[in-house]
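Plus 28 on top of the position in the sequence shown (first one is 1) and you've got my numbering.
Ideal Cβ placement from N, Cα and C applies to all residues, glycine included.
All figures in this text were calculated on a predicted structure; none of them were measured in a lab.
Right, one structure below, let's go through it.
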Amino acid sequence: MDGKLAIIGLGSIGSMALWQASHLTGSVTGFEAHAPAHARSAVGGDTRLFRMLYRGSPNLYPILQRSRTLWAELEAETGQNILTRTGGLSIGTKDGPYLTALLQTTNTNGADHVILSREEMAERYPQHNLRPDDSAVFDPNAGALRTDRAVTAAVGAAEANGATIHTNTPIDSITETGDGVLITSGENAWTFETVIVASGGWSRRLMPDYLQKAAEPYRIYLTWFVAKDAAEFSPERFPVFSRISGDRSMYGAPSVDGVTVKATLDGRGAPTPQPDSVPRGLTAAEISETMDTVTEFFPGLLPNIVRSDAFPDLFTSDRQPLIGHLNEGSKIYFATGFSGGGFKNATGYGEIAAHEALGKGSFDGLDFLRPQRFKSFHATIPKR
Ligand SMILES: Cc1cc2nc3c(=O)[nH]c(=O)nc-3n(C[C@H](O)[C@H](O)[C@H](O)COP(=O)(O)OP(=O)(O)OC[C@H]3O[C@@H](n4cnc5c(N)ncnc54)[C@H](O)[C@@H]3O)c2cc1C
Numbered sequence: 029m030d031g032k033l034a035i036i037g038l039g040s041i042g043s044m045a046l047w048q049a050s051h052l053t054g055s056v057t058g059f060e061a062h063a064p065a066h067a068r069s070a071v072g073g074d075t076r077l078f079r080m081l082y083r084g085s086p087n088l089y090p091i092l093q094r095s096r097t098l099w100a101e102l103e104a105e106t107g108q109n110i111l112t113r114t115g116g117l118s119i120g121t122k123d124g125p126y127l128t129a130l131l132q133t134t135n136t137n138g139a140d141h142v143i144l145s146r147e148e149m150a151e152r153y154p155q156h157n158l159r160p161d162d163s164a165v166f167d168p169n170a171g172a173l174r175t176d177r178a179v180t181a182a183v184g185a186a187e188a189n190g191a192t193i194h195t196n197t198p199i200d201s202i203t204e205t206g207d208g209v210l211i212t213s214g215e216n217a218w219t220f221e222t223v224i225v226a227s228g229g230w231s232r233r234l235m236p237d238y239l240q241k242a243a244e245p246y247r248i249y250l251t252w253f254v255a256k257d258a259a260e261f262s263p264e265r266f267p268v269f270s271r272i273s274g275d276r277s278m279y280g281a282p283s284v285d286g287v288t289v290k291a292t293l294d295g296r297g298a299p300t301p302q303p304d305s306v307p308r309g310l311t312a313a314e315i316s317e318t319m320d321t322v323t324e325f326f327p328g329l330l331p332n333i334v335r336s337d338a339f340p341d342l343f344t345s346d347r348q349p350l351i352g353h354l355n356e357g358s359k360i361y362f363a364t365g366f367s368g369g370g371f372k373n374a375t376g377y378g379e380i381a382a383h384e385a386l387g388k389g390s391f392d393g394l395d396f397l398r399p400q401r402f403k404s405f406h407a408t409i410p411k412r
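Set out below in structure tokens:
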């Protein structure tokens, strides 16, 4: 036996699981195909939005609350500034479907928020060119997560706590044996008591058939613009935002380099066959829609795309993550399938995965995240 726990993939979630596990055991080993926070993983692109206001399942809210606490703990343990608290704006047509759904979830969760009229919004945040029927909701707890710093800080803290790391070590296979899990990379093999698979867009390669059918790598792209006056788009003055006004949508974050501002069309993830070679260039249609939207939404940005990139993430067919053991009693635990929204909760998901995989407790109310939901789904499809 080579140790208690192995974590395959030290990206967004694997790094946090490693950090959390390093508080629970002196025997945790991380395997990463390249290097933690490498630029072709879902860590790429500098920042991710952290927002407490969202549309969707209220069941996720406790994980979000816990994640927020854990981001602060990671900052305290490592001395790194990871979550820049900028506040957040959700902007949309007043009483339209976006803000109505967001406020419904927000009221159920009891999350702090402030509703801003069009006039208040225009006065406080003149960077946004509003439509006549737009209004907004302010999230005082939102901010921008610095992804590369978060992942390297978590891995560094885990190593300081005694974790072992193997970089440039892609795992080829995982096999449950009588007393543990055998994992291989080329000629090398190790056996651990239990294994967490956190290999993001690449996870299908290590999945049983029933999960492969429910998961697919997606390409998500990002675009950046130069501000005419960089101070207007600094973290102090420009909260992270998500906007759906009529037929146009965009989300983004303030400048982290003092020059460029991230502003990207929302909901444009699309299947991509190979996570290793996600097309990084934008199509003519993507470029023109992005430029048209920036031209309308942000008169203070030059509308030319000065930087763009694209990254893989694993999407599930119901757009909820896969968190849990493969089966009851299995020693293989999956933490993947974050479907374009996992980073804000990476610390919370990492804590759940580390505790459950090590048998240090289980978390209730997470049936909607468990891998088995796809097993029963397929089993109950009526035969024709
Ligand atoms: C462009 C973009 C914008 C996004 N915006 C937001 C946002 O604003 N807010 C938000 O909350 N979420 C956002 N997301 C989603 C979030 O970033 C992802 O859900 C999350 O980062 C996925 O993390 P992961 O750990 O599953 O994958 P990754 O971070 O990609 O980590 C997987 C790691 O596993 C390694 N690996 C793969 N196979 C193997 C193997 N066989 N052996 C060893 N290592 C292996 C990879 O090299 C990689 O390092 C966005 C995603 C993208 C792509």
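Residues of its chain near T212, where Cβ-Cβ distance is below 6 Å and the 5 sequence neighbours each way are ignored: D200, S201
Beta-bridge partners of K290, as assigned by DSSP: W252, A281
Through-space distance from A243 to A407, alpha-carbon basis: Bear in mind that the predicted position of A407 carries a pLDDT of just 43, short of 50, making it unreliable; the figure below should be weighed with that in mind. Straight-line spacing of the CA atoms in A407 and A243 works out to 17 Å.
Contacting residues, own chain, Cβ-Cβ under 8 Å from I91 (five flanking each side not counted): N373, G376, Y377, I380
Closer than 7 Å: G54 CB and nearest ligand 1 heavy atom: no
heavy atom of ligand 1 below 7 Å from G115 C-beta: no
Sufficient close CB pairs (3 or more, under 8 Å) joining the segment 29-37 to the segment 221-232: yes
Euclidean distance between Cα positions of S305 and A63: 17 Å
Straight-line gap, R233 to P349 (C-alpha atoms, nearest Å): 17 Å
Closer than 7 Å: G84 CB and nearest ligand 1 heavy atom: no
Proximity of F113 and G73 at Cβ, strictly below 8 Å: First, the amino acid is wrong: residue 113 is Arg here, not Phe. No, the Cβ-Cβ distance between R113 and G73 is not below 8 Å.
CB-CB length for N137 against P86, believed under 8 Å: Contact flag correct, Cβ pair sits at about 5 Å.
Ligand 1 heavy atom lying under 7 Å from the CB of V71: yes
Length of the line joining the Cα atoms of A276 and R152: The sequence as given places Arg at residue 276; Ala does not occur at that position. C-alpha separation (whole angstroms): 22 Å.
Check: T364 C-beta below 7 Å from any heavy atom of ligand 1: yes
Inter-residue spacing [alpha-carbon to alpha-carbon] between A150 and A164: 10 Å
Reduced DSSP category for S446 - H, G, I as helix; E, B as strand; rest coil: The displayed coordinates of the chain run from 29 to 412. Any statement about residue 446 would go beyond what the structure contains.
Beta-carbon contacts of R401 that lie in its chain and below 6 Å, excluding the five residues immediately before and after: none
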